[in-house]
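One structure is given below, encoded as structure tokens.
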Amino acid sequence: MKLSTRSEYGIRVLVALAQAEGERPLPLARIARAERLPHAYIEQLVGELRRAGLVSATRGQAGGYRLSRPADQINLADAVRALDGPILEMPCAGPDNLEACARPKDCSVHEVFARLQDSLSGTLSATTVADVAVEAGGPPYPPAVRRRIAAAASNKATGASA
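Under our numbering, think of the first position of the sequence shown as 8, with each following residue one higher.
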């Protein structure tokens with residue numbers, strides 16, 4: 008089992024948007040540059056995230072993307088389903104799919120696959136974009152705090168005193 012690059016890159020885009028929450032919309036070019044992702048590819052992914060209701064777009068000079076709802080209300084299962092479809096598609100996993108199994112009465116792996124599907128889906132559902140944003144580099148600070156941090160870093164780099 009492997010997480011697709013679609014899901015990986017899509018989650019990275021959502022995390023970047025979460026970390027910029029409260030700012031003006033974030034241009035895709037900026038996300039692509041910061042995350043070292045191919046711009047054309049994430050443009051496709053963001054379209055799918057938008058259709059799934061996870062991000063919204065603003066057109067124009069100050070346009071870009073932002074999360075459609077707070078980062079703590081978007082879980083990774085939402086993102087994976089939007090980009091890749093079912094989280095773990097197995098012919099016989101789940102109670103509704105027993106008819107797809109060649110051996111529904113005595114399948115030796117059905118229960119293991121069902122538990123695996125439940126575990127993976129549960130973990131992704133319990134993990135929010137905000138959780139990943141915090142793990143990826145601290146909390147998504149409010150814009151005023153980010154400006155102070157940037158100013159302090161700039162002053163330190165130039166040797167100016169704050």
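All C-beta atoms, glycine included, are put in the ideal place defined by N, C-alpha and C.
Spatial distance of residue i from residue j (CA atoms)
{"i": "V7", "j": "E28", "result": "Outside the shown range of the chain, which is 8 to 169, sits residue 7, and nothing can be said about it."}
{"i": "A64", "j": "F120", "result": "38 Å"}
{"i": "V139", "j": "C114", "result": "37 Å"}
{"i": "P93", "j": "L35", "result": "26 Å"}
{"i": "I49", "j": "K112", "result": "44 Å"}
{"i": "L56", "j": "R122", "result": "28 Å"}
{"i": "P146", "j": "R110", "result": "At P146, the pLDDT of 49 sits below 50, so the modelled position is not reliable; the number obtained from the coordinates is stated separately. Spanning the two alpha carbons is a distance of roughly 49 Å."}
{"i": "T130", "j": "R43", "result": "27 Å"}
{"i": "V87", "j": "S161", "result": "38 Å"}
{"i": "P45", "j": "D85", "result": "22 Å"}
{"i": "A89", "j": "T12", "result": "13 Å"}
{"i": "I81", "j": "S132", "result": "9 Å"}
{"i": "G60", "j": "T165", "result": "43 Å"}
Where residue i sits in the DSSP three-state scheme
{"i": "G17", "result": "helix"}
{"i": "V116", "result": "coil"}
{"i": "L95", "result": "coil"}
{"i": "T134", "result": "coil"}
{"i": "R5", "result": "Residue 5 falls outside the range modelled here, since the chain spans only 8 to 169, and no answer is possible."}
{"i": "I28", "result": "Sequence inspection shows Glu at residue 28; the Ile mentioned does not correspond to that position. E28 falls in the coil class under three-state DSSP."}
{"i": "L10", "result": "coil"}
{"i": "A140", "result": "helix"}
{"i": "A109", "result": "coil"}
{"i": "S126", "result": "helix"}
{"i": "I38", "result": "helix"}
Beta bridge counterpart(s) of residue i as assigned by DSSP
{"i": "R73", "result": "S63"}
{"i": "L33", "result": "Y72"}
{"i": "N82", "result": "T135"}
Item to check | the segment 128-142 touching the segment 66-78, judged by at least three CB pairs closer than 8 Å | outcome: yes
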